[in-house]
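Contents: one structure, followed by commentary.
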Amino acid sequence: MIRRTILSALLVALAPTAMAQDNYPSKPIRLVLPFTPSGSGSPLSHLLPDRLSAELGQPIINEQKVGAGGNIAASYVAKASPDGYTVFLATINILSINPTLYKNISFDPLKDFAPISMLATSQNMLVVNPELPVKELKDFSSYVQNTKENVSYGSSGIGSSIHLSGELFKKITGGAMEHVPYKGASEPRIDIIGNRLTFMFSDLGGVPMVLDGKLKALAVTGRQREPRLPDVPTMQELGYDQFLIEPWYALVAPAGTPDAIIKKWNAALSKVMAMPDVRESFVLAGLQVPETLGAQALDTRIRSELERWRPLIVETGMKVE
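Those letters in the sequence shown? Residues 281 to 601, by the working numbering.
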């Protein structure tokens, strides 16, 4: 009798939770952004939420938590209720680079979040001034190794994928290069045009400058060529086998979010990611839809990128207070 009473009590206690999951979502959902919506993730913070909102049947409201390289947003989401009504548009930097880069960090990327799915990948491109006496990447590699001129490379900040691309190139070529960090990717591109900087691994926001002839792209860091720059080879095509760098965006929720809710998100994502206008907007923004979506693929990616970048960050002494 006592066992039956306990079992009945448990069933009664669990019933509201199960019903809440079945009725999910029944109110607006907050999408926490670590950047401003006008930034590099614009299609991800506008078109994608609109389409997902239509699939899920509730508004998805952007909530900005900008600062500390995305750590403020991550900490906020890590402490949120795991009820599916707070989700986070995370990046490779926040989940796979910052935990090693920052001296003090208040979240654990593997314990504090429930992976939902990868959303998109991008890539960087090595750009120089068109007047630099190099035609292709092998010429540039020889140039940085042998020139008597000061070689400098810019980035959008310490620990960014742009910075890590430059550090990896420096390590591979063995050339003497000075890193010059900026607060974004636009200024170093302008300084390359003005011959105040030798090169950078720009994000694809610099593609229009390449098409206009203001910058020269020697290679891209992804596994495929950028569709808008079909004549620019990948680093791997040119023999840099370990040089595959694809910054990514993903959705995560607070740890403890029920699997049933994660599955609802992935069902909606599968439909939305197949929409032609969504895919077209991604291409125009220099983004690619990953071949594999879902929580497991994202979990694997977070862990593998953590292990990949930790040695380089430690070796070069990068650290942010």
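Even for Gly, the Cβ is constructed at its ideal location relative to N, Cα and C. All figures in this text were calculated on a predicted structure; none of them were measured in a lab.
According to the DSSP assignment, Leu531 belongs to the beta strand (DSSP E) that extends over Trp528 to Pro534. Nearest to Val414 by alpha-carbon distance, out of Leu495, Asn404 and Asp388, is Leu495. Judged by beta-carbon spacing, Ser436 lies beyond the 8 Å limit of Pro527, meaning their Cβ atoms are not closer than that value. With distances taken between CA atoms, Ser441 lies nearest to Ala465 out of Val424, Ala465, Thr453 and Gly455.
The secondary-structure analysis by DSSP pairs Val500 across a beta bridge with Met405 and Thr514. Comparing alpha-carbon positions, the option among Pro379, Ser333 and Ala370 lying closest to Trp589 turns out to be Pro379.
The beta carbon of Met489 is closer than 7 Å to those of Arg469 and Leu495 in its chain, skipping five residues each way along the sequence. Around the CB of Arg476, fewer than 16 other CB atoms lie within 10 Å, so the residue is classed as exposed. Counting C-beta pairs closer than 8 Å gives three or more between the stretch 394 to 412 and the stretch 570 to 582, which meets the contact rule. Out of Ser306, Val346 and Ser421, the CA that lies nearest to the CA of Gly455 is found in Ser421. The three-state reading of DSSP puts Ala370 in strand, counting E and B together. In terms of CA proximity to Asn373, Tyr529 leads the group His326, Asp330, Tyr529 and Val357. Beta bridge pairing from DSSP links Asp483 with Asn404. As DSSP reads the structure, Ser397 sits in a beta bridge with Leu531.
In the DSSP secondary-structure assignment, Pro461 is bridged to Ser435.
If you draw a straight line from the Cα of Pro305 to the Cα of Ala334, it is about 12 Å long. If you draw a straight line from the Cα of Asp483 to the Cα of Ala540, it is about 36 Å long.
Taking 8 Å as the cut-off, the Cβ atoms of Pro362 and Pro556 do not count as close. In the structure shown, Arg310 falls within a strand segment according to DSSP collapsed to helix, strand and coil.
In this structure the stretch 565 to 573 does not touch the stretch 328 to 342; the number of beta carbon pairs closer than 8 Å is below three. Relative to the Cα of Gly519, the nearest Cα in the group Asn409, Ala554 and Phe449 belongs to Phe449.
When beta bridges are read from the DSSP output, Asn342 appears opposite Leu311. Counting only runs of 4 or more residues that sit fully inside the stretch 531 to 569, the alpha helix (DSSP H) segments are 539 to 553 and 556 to 564, in chain order. The DSSP-derived three-state label of Tyr423 is helix.
Residue pairing by DSSP puts Tyr382 in a beta bridge opposite Val600.
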